[in-house]
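K.L.:
Handing you this structure, nothing more for now.
In the working numbering, the protein residues as written are 56 to 431.
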C-alpha cells in the first residue's frame, strides 16, 4: 500500500456513526501519516469542525439525527470551512443520492464497500487541489495588490507631470507666437514637433486619469443629444490639426445619428479609434469609417489596412496596457496602451459595446455600438 499523502500533517475529520467503520478508516488513514479526528455523529463533527477547521472531511450519509447531507450543508455555512473538501462514503449508490451530495457541497462520492487505496488516492488528490487553489488565490491577491500599487504610483506620477508639461507647452507657444524671435525653418519644425509631443503626453495623462475614474465608477457623464457622425468628424479634424495628412473614406447615413451621450467622451472614443487606425495603417492607405443605425442602436466601424492582430492579442486588445505590452514584445514602443482601454470603459459607461474583427495581413475593423437617443 502506498503511503505518500500530499500533506503528511493534514488534519482529517472522519464522520461515521458505525464505530467499527470509524475505527477502521481512522486507523488506516493514521498509518498514512495523516492526523485523524474521528466523530461518531453529525453534531459532534460540527462542533469539532467549528473549534478547529479540518483540511478535509470524510462523511457518511446514513446517520441518526443529522444525516450526512445536512451536516455537509451546515459545514459549508461555517466561517473558514467554505473551501474544505467534503468526501462522502456511503452504501447508498443511487444517482439521486450522489446528486444530493454534490448539491449539499461535496466534492466527491465513494460507494461502500470501498478499496482503501482509492480512498487514499482521492483524499490526496483533493488535498493537493485545495492547496493549489489557496496558492492561486494568494498569488492573485499579491497580483491585485501590485496592480493597485502600480495604478496609485501612476496616478501620482501623472499628477506631478501635468503641471510642468503644461508649462513647457505654454513656453513653446510663446516662442512660436513671438514676433521678436526669428527662428530658421528647421528650428521652427523642431518646436512644432515638441509642441505635438507635449500635447500627446498631456492627452495620455488625461486618459490615464479618466481611466481610473471610469474603473472606479466615479466619472460623471455630461449627457446631452449629439450627432455621432458630427462627433467623428470633429475627432478627425483634431487629428488633421496635429499634422495628419491622410485620407478618410466615409460611409455615413444621410440623416444624423442621434445619441444621448457625453459628447466629449464619445468624441475621444472616435479620436482614439482613428488614431489607432492611423498608427497601424500604411501611409498611402486610406481609413474607412462606416456608421449605421438600427432601431435602437448606432454602430460605428473604423477600418484600417494594417497588419492585423494575432488571435492571442485580440482577446486582450482592450485591456489596459495590453497594446503597449504587445508592441514592446515586438521591439516597438510608440503607444501608451491606454487608448483602447479608455474606449471600452467609456462605451460601456454609456451602455454600449466595443469589439474588433481582424485577420493577419488583412487589416482590422474596430467597432462601437451605442444606444440611440429616445425618439421625440
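In this text, a Cβ means the ideal position worked out from N, Cα and C, and glycines have one as well.
Since the model is a prediction, treat every value here as computed from it, not as a measurement.
1) Would you list the residues sitting across from residue 353 in a DSSP beta bridge?
2) Going by DSSP, what residue range makes up the alpha helix (DSSP H) through residue 316?
3) Is the stretch 340-352 touching the stretch 266-281, taking contact as three or more C-beta pairs under 8 Å?
4) On the three-pair Cβ rule with 8 Å, is the stretch 222-232 touching the stretch 189-202?
5) So residue 65 and residue 90 are supposed to be a Cβ contact under 8 Å. How far apart are they, rounded?
6) Mapping DSSP to helix, strand and coil, what is residue 174?
7) Taking 8 Å as the cut-off, does the CB of residue 87 come closer than this to any heavy atom belonging to the ligand PLP?
8) Across which residues does DSSP place residue 98 in a beta bridge pair?
9) Residue 244 to residue 237, Cα distance in whole Å?
10) Among 185, 123, 263, 362, which one has its Cα closest to the Cα of residue 164?
11) Please list the terminal residues of the continuous alpha helix (DSSP H) segment that includes residue 394.
12) Might you give, ordered along the chain, the residues of its own chain that have their beta carbon closer than 6 Å to the beta carbon of residue 276, omitting 5 neighbours on each side?
13) Have a look at residue 169 and residue 139 and give me their C-alpha separation to the nearest angstrom.
14) DSSP beta-bridge partners for residue 164?
15) What are the boundary residues of the alpha helix (DSSP H) that includes residue 265?
16) Would you mind working out which of 417, 132, 95 sits nearest residue 105, comparing C-alpha positions?
17) Mind pulling the alpha helix (DSSP H) runs of 4 or more residues that sit fully within the stretch 169-233?
18) According to DSSP, what are the bridge partners of residue 281?
19) Which residues in the same chain as residue 67 place their Cβ atom closer than 8 Å to its Cβ, once the five residues preceding and following it in sequence are excluded?
20) In terms of alpha-carbon separation, which member of 368, 281, 398, 331 lies closest to residue 427?
21) Tell me which same chain residues have a C-beta within less than 6 Å of the C-beta of residue 249, skipping the five on either side of it?
22) Which of the three DSSP states, helix, strand or coil, is assigned to residue 305?
23) Can you tell me whether residue 383 is helix, strand or coil according to DSSP?
P.N.:
According to the structure data:
1) 348, 425
2) For residue 316, no alpha helix (DSSP H) segment is defined; the enclosing uninterrupted segment is the beta strand (DSSP E) at 313-317.
3) The stretch 340-352 vs the stretch 266-281: no contact.
4) Counting C-beta pairs with one atom in each stretch, the stretch 222-232 and the stretch 189-202 have fewer than three that are closer than 8 Å, which means they do not touch.
5) 7 Å
6) Reduced to three states, the DSSP call for residue 174 is helix.
7) Of the ligands one can find in the structure shown there are none, so the ligand PLP has no counterpart to examine.
8) DSSP output for residue 98 lists no bridge partner at all.
9) 13 Å
10) The candidate whose alpha carbon is nearest that of residue 164 is 123.
11) 394-404
12) 317
13) 22 Å
14) 143
15) Boundaries of the alpha helix (DSSP H) around residue 265: 240-270.
16) 132
17) Counting only runs of 4 or more, we get 171-232.
18) 314
19) 84, 89, 90, 91, 92, 109, 110, 111, 112, 113, 178
20) When only C-alpha atoms are compared, the closest one is 281.
21) The beta carbon of residue 249 sits closer than 6 Å to those of 227, all from its chain and outside the five residues before and after it, given in chain order.
22) strand
23) Confidence at residue 383 is low in this model, with a pLDDT of 47, below 50, so its placement is unreliable and the value that follows should be read with caution. In the structure shown, residue 383 sits in a helix (DSSP, three-state: H, G or I).
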